[in-house]
Amino acid sequence: MSSNYEPKIVGFLCKWCAYTGADLAGTSRIKYPPNVTPIRVMCSGRVDPVLVMKALSSGADGVLIAGCHPGDCHYTSGNVKTIRRFKLLQKMLDQFGVERDRVRLEWISASEGEKYAQVVENMTETLRTLGPLNWDGGKEA
Amino acid sequence: MAEKIGVYVCHCGSNIAQMVDCKNVVDYAAALPNVTVAREYQYMCSDPGQEIIKKDIKELGLTRVVVASCSPLMHELTFRRAVEEGGLNQFLFQMANIREQCSWISENKEMATERAKAIVGAAVKRVAFQEPLQEKKVPVNPNVLVVGGGITGIEAALQLADSGKKVYLVEKEPTIGGYMARFDKTFPTLDCAACILTPKMVNVAQHPNIELISYSDVTRFSGYVGNFTARIRRRPRYVDEEKCNGCGLCTEKCPISVPSEFDCGLGKRKAIYRPFPQAVPNVPVIDREHCLFFTKGICKVCVKFCPRGAVNFDQKEEFEDLQVGTAILATGFDLFDASKVKQYGYGRLPNVVTSLEFERFSHASGPTGGKIQLKNGQMPQSVAILHCIGSRDTNFNEYCSRVCCMYSMKMAHLVHEKTGAKVYEFYIDIRAFGKGYEEFYKRLLKEDTVFIRGKAAEVTDFAQTPAEKGKLIVVAEDTLLGITRRIPVDMVVLSVGFEPRKDAADLARTFSISRSQDGFFLERHPKLAPVSTASDGIFIAGSCQGPKDIPDSVAQGAAAAANALSLIDRKEVTLEPTVAVIDEESCSGCKICLGLCPFNAIVFDDTKKVSRVNDALCKGCGVCVAACPSGAIEQRNFTDDQLLAEVESACASAK
Amino acid sequence: MESRMEFTYYPGCSLEGMNKAYDQSARLVSKSLGIDLKELNDWNCCGASAYMSIRELRAHLLSARNLAIAEREKKDLAVVCPACYTNLTKTNHYMGEDAKLRRTVGSALKAANLQYMGTVKVRHLLDVIVSEIGESEVRAKVTKPLSGLKTAPYYGCQFTRPLGDYDDKEFPTMLDTLLKWLGAEPVNFPLKAKCCGGILMTTNESVALSLVRSLLDCATQNGGEAIATICPLCHMTLEAYQGNVNKAFSTSFKVPMFYFTQLMGLAFGFSKKELGINQELISSKALLERRLEAR
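Listed in order, the protein sequences are those of chains A, B and C. The numbering used here puts the first sequence at residues 1 to 141. The numbering used here puts the second sequence at residues 1001 to 1655. The numbering used here puts the third sequence at residues 2001 to 2295.
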């Protein structure tokens, strides 16, 4: 593992809760590792596993999916579908030999700026320990 | 077809520029495929900033625009408008958030700049796949639903009704008036709460444009801005509102007495009762749990004495659907439960009461007829008022409840006035922020109130000196004197803080709004949009948004009404066109999507054997899109192509 | 009888010396209730009250070692001393929250061929008995109810503070409840969770003596005939210094002290010898003869 390794994380954040919560972390000037590129979606239920696999195969070392707490989904039950899809996605990742810790599902409400920062911090730390994913066999310099 | 993308990197003063090397980002963007021009500017959202975009669209024939600046939640609308004014469809625009989620959270300039480049690159890749879209316009139903009939809801309802709009005011209790109806005097003017509230309550009852639906709640709320449907559950009073003339004979004759909720359990009410004499509607309600007819099938004294035959034991729960264009939630608060803080002895030691119980003692129509008295009926000679119970406390609620300092001082004044007792106030800070509030504090100082700066540590009955025998001893560190003090008193009043109502979570779910960390309803923006929510058409006002006093509650009630009026008088509103669309050619008719839609917006066409989205009902969550095995469903402005492009670039090496 | 609840047991240093009776009685009554206590293998001192304030990291290492060894047993860890409870729980809690601490402690443990994954829960025995075993099982074992013995339940300051969430922090009631199950009468004891002075007795005696005095005053004023304790240091402080208190304040306290497990033992029908009673500094002989043996 190169000492210059900085984990790259793609974050799928739902507009109503997680993205707003992530914004709140910024407005509150909470400092956390800037390793996430946020991708805004309307609901975590929009996150097709294909998008997650695309992220991992495009250079991401980890993927974060974040949505509203169960029961609080702006679209009532979108996040319930996310849970189901996530479980299947995990099985698929196992088969690919991708460590489960690399893809996380978190519930972050619009007022949980602190939590978002902590999640990203934890995840970055974990990915540092796991090392780069090297999906393409480490062709990247 | 090659796009012509314009990329604009904002400095946002120093907010972005301090941490992100904007020039570096501009150079990076300029070298990306399809980027025609990349610029940086101090404040892109300003007029001159927007002009740059419009100019470039016209002169350079740009087909797509990316602005790298703050959060889209901040200025997406601003830039979309600018782009539209420049002659380009507003949905051919994408924002890259390099402030809230980049410059503001980073401590390392190099990393922040790399991240900014990745974010900008992702936006550039995505925008190339975006298509022009037209916003949908829908009419706005002028009716308004106001939930909660306290002072806030009353103010909102009256403002709206006076402007000619029809208001449905739904109140959970048998009467409107909320907590204010239970107060004796209000700070700092010492106005009698009932005197200023009841005329407004009567106005509500008499207003031709207000339909007061009391003893009811909202069980379901669906639709979209301008077109909501609210399902109301009317609970049975067992008294016919039309026939009852409010004479009160039934209440007089009823043989069953139980503790009164209105009096915090300190006084009694009958099984058929009005919460208080000036209740609106002035119609009693029967408490099924204690009424002899409902529990044992006997009595019916109320029926016997009612001159109008208004008692009706056969009343049933009724449901009704109301069509409204906007809703205002003014559902209020609950008080912190003082028994949680065991060291103050509430519920364990006699003569330890909460502020609301004190109000009821002090109130002329309260359980003691307005006398402040101890359990043994005697007047106290010394009273301690403890501030911040449950508030500013990491063990309970961290926030300050705003009104308690003022109402504590009001209570001190009432104690002086009614009993001449010595009053001790144990405080952390004195928050006297409003008009006339500091002057009121000075007045209390002149009345010889003893203010001790130190939150009370405990209330004990363990006497350590003869003077403490038989008393309640308040132990506190006096931080101005630097010593621990033990003050023996006859009565302790706990100034409890406000909390969100116990049903706040359910209400938030019903109306699809969010709550803050502290559990109160979440406003759209804490400074600039305190009465709006993230959901268009749904407004919040009063203490359900956060603890506040009566002037601020009234102001928010009026503000919410103004917000609603602004929407209604526009006559129509635009909806985000980010709906789902099914390509019939690719649809295999598997019907997987039908069951997934939370809003039943997908229907199956039996003739063509394909599914179709009803875009009036579709709210654009995208759940069906992710599920379709044929990839036949697309979400406008969140298509797979767009998202895949965004993702692909999000992690590309920035070198 | 089958052991329903299995714990590794951490006696702590005080239970090996002056407070042996606590250990004795705790093991006895736990066995009666089907709580299997397997003493933690090769356990070390937890650092008691002082070490964490002076050498925080090393104090964490002491506790982490105990936790690591306990984790091997795959059971929760039962303690009877609140100071041990506090130290073990603090280490557990902070290691869970702080990644850096986890790493540092982890590498130290590794040097001793140990590792700790954070799965051990630390429980005070009183909490286990009241929350897990419960009323009906305890009452079922009471063959000689304590005849309404007026007992002041003394929790001391560390039972629920800072990390004991199983009872109210300022006004706990678990011991009061247990005393009722044993047939004793818990008296109103407003100072039940106040500090006894503890180690302060060696550094600032006058303050500590006045603290002990208040406690004894409060317990007896409300009719307490004896004091029940859940902490070996509190027990020793309140018992051993009654004489000094009497001298300093011209009082005449002679309040017998019992570990809560001794009272349980008496109620369960064990003999005084088995419970280590009659080893104490303030004799409870007269009290027991008068109130309990006559039944």
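By construction, the Cβ of each residue, glycine as well, lies at the ideal position given by its N, Cα and C atoms. Since the model is a prediction, treat every value here as computed from it, not as a measurement.
| Check | Outcome |
| --- | --- |
| Nearest-angstrom Cα distance between ALA1654 (chain B) and GLU1110 (chain B)? | Model confidence at ALA1654 (chain B) stands at a pLDDT of 45, short of 50, so the residue's coordinates are unreliable; what they give is reported in the following sentence. In a straight line, the C-alpha of ALA1654 (chain B) is about 12 Å away from that of GLU1110 (chain B). |
| Within the segment 1320-1402 of chain B, note down every full beta strand (DSSP E) run reaching 3 residues or more, in order along the chain. | 1326-1329, 1333-1335, 1352-1354 and 1382-1389 |
| Would you decide whether TYR2009 (chain C) is buried or exposed? Buried here means 16 or more other CB atoms lie within 10 Å of its CB. | buried |
| When the Cα atoms are used, what is the spatial distance from SER2003 (chain C) to GLY2012 (chain C)? | At SER2003 (chain C) the pLDDT is 48, less than 50, meaning the model places this residue with poor confidence; the figure from the coordinates comes in the next sentence. The straight-line gap from Cα to Cα measures roughly 23 Å. |
| Confirm, please, whether the CB-CB distance from PRO1132 (chain B) to LEU1077 (chain B) is below 8 Å. | no |
| Using DSSP bridges, identify the partner residues of HIS2060 (chain C). | Bridge partners of HIS2060 (chain C): none, in fact. |
| Any C-beta of chain C within less than 8 Å: which residues of the segment 1456-1467 of chain B qualify? | GLU1458, THR1460, ASP1461, PHE1462 and GLN1464 |
| Quick one: residues in its chain with C-beta nearer than 8 Å to the C-beta of ASN1312 (chain B), no 5 flanking neighbours on either side, listed in chain order? | TYR1238, VAL1239 and ASP1240 |
| Can you list, in chain order, the residues of its chain whose CB lies under 6 Å from that of LEU2077 (chain C), leaving out five sequence neighbours each side? | THR2008, TYR2010, ALA2070, VAL2120 and VAL2122 |
| Residues in the same chain with beta-carbon distance under 8 Å from ALA141 (chain A), minus the five sequence neighbours each way, listed in chain order, please. | Summary for ALA141 (chain A): the model assigns pLDDT 46, below 50, so the residue's position carries little reliability, and this model does not support an answer. |
| I need the straight-line Cα distance from GLY2047 (chain C) to THR2091 (chain C), nearest angstrom please. | 12 Å |
| Check whether the Cβ atoms of VAL1475 (chain B) and THR1460 (chain B) lie closer than 8 Å to each other. | yes |
| Mind listing the chain A neighbours of SER1512 (chain B)? Cutoff is C-beta to C-beta under 7 Å, in chain order. | HIS74 |
| Taking GLU1417 (chain B) as the reference, which of B:VAL1492, B:ASN1376 and B:GLU1447 has the closest Cα? | B:GLU1447 |
| Contact defined as beta carbons within less than 8 Å: I believe PHE1228 (chain B) pairs with GLY1325 (chain B). What is the distance between those atoms, to the nearest angstrom? | 7 Å |
| Skipping 5 residues on each side, what residues in its chain have a beta carbon closer than 7 Å to that of LEU93 (chain A)? | ARG100 and VAL103 |
| I need the straight-line Cα distance from PHE2159 (chain C) to PRO2082 (chain C), nearest angstrom please. | 5 Å |
| State buried or exposed for ASN2113 (chain C), treating a residue as buried only when at least 16 other CB atoms are found within 10 Å of its CB. | exposed |
| Which value, in whole angstroms, describes the spacing of the CA atoms of VAL1531 (chain B) and ASP2176 (chain C)? | 49 Å |
| What first and last residue would you give for the beta strand (DSSP E) that runs through THR2151 (chain C)? | 2150-2154 |
| If we count Cβ pairs, one from each stretch, closer than 8 Å, do we get three or more for the segment 1361-1376 of chain B versus the segment 1388-1403 of chain B? | no |
| Should GLN95 (chain A) be labelled buried (16 or more other beta-carbon atoms within 10 Å of its own) or exposed? | exposed |
| Taking only beta-carbon atoms, is TRP16 (chain A) less than 8 Å away from chain B? | yes |
| For the alpha helix (DSSP H) containing ILE83 (chain A), list its first residue and its last residue. | 78-96 |
| Going by beta-carbon coordinates alone, are LEU1386 (chain B) and ALA1456 (chain B) separated by less than 8 Å? | yes |
| Which runs of the alpha helix (DSSP H) fall wholly inside the segment 1178-1243 of chain B and span at least 4 residues, in chain order? | 1193-1206 |
| If you draw a straight line from the alpha carbon of GLY1150 (chain B) to that of THR1331 (chain B), how long is it in whole angstroms? | 8 Å |
| Report the option in B:ALA1580, B:ILE1232, B:CYS1590 and B:PHE1396 whose CA atom is closest to the CA atom of GLN1635 (chain B). | B:ALA1580 |
| Thinking C-alpha only, which one of B:ASP1606, B:ALA1534, B:TYR1043 and B:CYS1544 is nearest TRP16 (chain A)? | B:ALA1534 |
| Using the three-state DSSP reduction, which class does ASP1490 (chain B) fall into: helix, strand or coil? | coil |
| Please identify, using Cβ separations under 7 Å, the residues of the segment 2158-2176 of chain C that lie next to chain B, in order along the chain. | ASP2168, GLU2170 and PHE2171 |
| Quick check on this structure: which residue in C:LEU2061, C:VAL2142 and C:MET2095 has the alpha carbon closest to the alpha carbon of GLN2262 (chain C)? | C:VAL2142 |
| Please state if the CB of MET1095 (chain B) and the CB of VAL1120 (chain B) are separated by a distance shorter than 8 Å. | no |
| In the DSSP assignment, the alpha helix (DSSP H) including ASN1563 (chain B) goes from what residue to what residue? | 1550-1569 |
| DSSP three-state label for ASN2087 (chain C), please. | helix |
| Considering only DSSP beta bridges, list what PRO2186 (chain C) is partnered with. | C:THR2151 |
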